[in-house]
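J.: Residues in the sequence shown are numbered from 9 upward in steps of one, following my numbering.
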Amino acid sequence: MAKLLLGFMGSGKTTIAQLLDDNFLDMDHILVERLRMPISQYFSEKGEAAFRQVESQLLEELLKEDAVISTGGGIVMAEANRKLLTKNACNIYLQADFESLYERLAADQKQERPLFLSQTKEDLRQLYDYRCPFYEEVASQIIPVAGKSPEEIVEIIRCS
Ligand code: S3P
Numbered sequence: 009m010a011k012l013l014l015g016f017m018g019s020g021k022t023t024i025a026q027l028l029d030d031n032f033l034d035m036d037h038i039l040v041e042r043l044r045m046p047i048s049q050y051f052s053e054k055g056e057a058a059f060r061q062v063e064s065q066l067l068e069e070l071l072k073e074d075a076v077i078s079t080g081g082g083i084v085m086a087e088a089n090r091k092l093l094t095k096n097a098c099n100i101y102l103q104a105d106f107e108s109l110y111e112r113l114a115a116d117q118k119q120e121r122p123l124f125l126s127q128t129k130e131d132l133r134q135l136y137d138y139r140c141p142f143y144e145e146v147a148s149q150i151i152p153v154a155g156k157s158p159e160e161i162v163e164i165i166r167c168s
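1) Alpha carbons only, please: which of Phe51, Glu107, Glu68, Ala25 is nearest the one belonging to Pro122?
2) Compute the Euclidean distance between the alpha carbons of Leu113 and Phe16, then round it to the nearest angstrom.
3) Report the rounded CA-to-CA distance for Lys257 versus Gly81, giving the unit in angstroms.
4) Using a threshold of 7 Å, is the CB atom of Ser47 nearer than that to any non-hydrogen atom of ligand 1?
5) Got a sec: does ligand 1 put a non-hydrogen atom nearer than 7 Å to the Cβ of Gly55?
6) Assuming the contact rule is C-beta atoms closer than 8 Å, Leu93 and Val153 should be a hit. Round their C-beta distance to whole Å, please.
7) Tell me which residues share the same chain as Gly18 and place their Cβ nearer than 7 Å to its Cβ, disregarding the 5 neighbours each side in the sequence.
8) Between the beta-carbon of Ala86 and the beta-carbon of Arg60, is there less than 8 Å?
9) Against chain C, does Ala58 count as a neighbour if the rule is that its beta carbon must be under 8 Å from one of theirs?
10) Can you name, in chain order, every residue of its own chain whose Cβ lies under 8 Å from the Cβ of Met35, other than the five neighbours on each side?
11) If I'm right that Leu27 touches Asn99 with Cβ under 8 Å, what's the distance once you round it to whole angstroms?
12) Using the DSSP secondary-structure output, state which residues sit across from Cys98 in a beta bridge.
13) Measuring straight from C-alpha to C-alpha, what distance separates Glu160 and Tyr138?
14) What three-state label does DSSP hand Ser78 in the structure shown?
15) Residues bridged to Leu33 by DSSP?
16) Should Pro122 be counted as a contact of ligand 1 given a C-beta to heavy atom distance under 7 Å?
17) Can we count Thr94 as close to ligand 1, meaning its CB is less than 7 Å from some heavy atom?
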């Protein structure tokens with residue numbers, strides 16, 4: 009069964025996926041290999057819509073895997089993706105408030121996320137507000153992550 013980590017940029021999906029399973033699959037990492045360039049370069053050369061198509065194709069493939077999968081924060085944008093996600097039994101949403109996420113993103117020294125680099129804080133807040141109901145809609149488990157260490161979050165997931 010695919011065990012998916014979902015949430016906005018900066019919510020800790022990759023960190024938690026790695027702690028859950030060393031052999032986790034990271035969608036962004038696989039996409040960079042598949043696109044043969046950084047995601048930010050692909051966004052500027054081909055546009056976000058082209059990126060979303062490749063991302064959707066990859067999601068469909070990965071949902072067949074028996075693995076822990078760290079998704080990209082925009083995976084819930086396409087309705088087709090949400091339909092696929094609702095059929096998957098284990099979708100763990102790492103929920104955090106916008107200000108905490110923004111702080112984490114701003115502190116990321118090797119920041120490469122095209123949306124963070126190209127949008128204002130207010131734009132990102134709107135995107136966050138727009139996406140949150142979608143994460144909730146497809147989640148089988150919602151974990152508020154504020155104030156919890158990665159190890160505590162992993163413990164919650166393992167015990168459920
Ligand atoms: C995106 C989030 C990124 C990456 C791409 C687009 C988004 O992944 O897929 O930059 O639309 O929120 P992370 O959530 O792992 O940062």
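Where a beta carbon is used, it is the ideal one built from N, C-alpha and C, also for glycine.
T.: On the basis of the supplied data:
1) Taking the first residue of the sequence shown as position 1, residue 122 is located at position 114. Out of Phe51, Glu107, Glu68, Ala25, Phe51 has the C-alpha closest to the C-alpha of Pro122.
2) Working through the sequence shown from its first residue, we reach residue 113 at position 105. Working through the sequence shown from its first residue, we reach residue 16 at position 8. Computed Cα separation, rounded: 10 Å.
3) Since the first residue shown for the chain is 9 and the last is 168, residue 257 is missing from the structure and cannot be characterised.
4) Here the question's residue 47 lines up with position 39 in the sequence shown. Correcting the residue identity first, residue 47 is Ile in this sequence and not Ser. Result yes, Cβ under 7 Å from ligand 1.
5) The sequence position of residue 55 within the sequence shown is 47, counting from 1. Checking every heavy atom of ligand 1 against the Cβ of Gly55, none is found closer than 7 Å.
6) If you number the sequence shown from 1, residue 93 lands on position 85. If you number the sequence shown from 1, residue 153 lands on position 145. That pair is no contact at about 19 Å.
7) To locate residue 18, count along the sequence shown from 1; it is residue 10. So the list reads Leu109, Arg112, Leu113, once near-sequence residues are dropped.
8) As a first step, residue 86 must be located in the sequence shown, where it is residue number 78. As a first step, residue 60 must be located in the sequence shown, where it is residue number 52. Cβ distance < 8 Å, so Ala86 and Arg60 count as in contact.
9) Among the protein chains of the structure shown there is no chain C, as only one such chain exists.
10) Here residue 35 refers to the residue found at position 27 when the sequence shown is read from its first residue. For Met35, where only same-chain residues beyond five positions count, the Cβ hits under 8 Å are Glu63, Leu66, Leu67, Leu70, Ile77, Ser78, Thr79, Gly80, Ile83.
11) Here residue 27 is taken as the residue at index 19 of the sequence shown, counted from 1. Here residue 99 is taken as the residue at index 91 of the sequence shown, counted from 1. About 18 Å separates the two Cβ atoms, so there is no contact after all.
12) Stepping through the sequence shown from its first residue, residue 98 is reached at position 90. Lys11, per the DSSP bridge assignment.
13) Position 152 of the sequence shown, counted from the first residue, corresponds to residue 160. Position 130 of the sequence shown, counted from the first residue, corresponds to residue 138. Near 28 Å, if we compare the C-alpha coordinates of Tyr138 and Glu160.
14) Translated into the one-based positions of the sequence shown, residue 78 becomes position 70. Of the three classes helix, strand and coil, the one that applies to Ser78 here is strand, per DSSP.
15) Numbered from 1 along the sequence shown, position 25 holds the residue referred to as residue 33. For Leu33, which the question treats as bridged, DSSP gives the partners Ile77.
16) Numbered from its first residue, the sequence shown carries residue 122 at position 114. Pro122: yes, Cβ under 7 Å from ligand 1.
17) To locate residue 94, count along the sequence shown from 1; it is residue 86. Outside the cutoff, so no.
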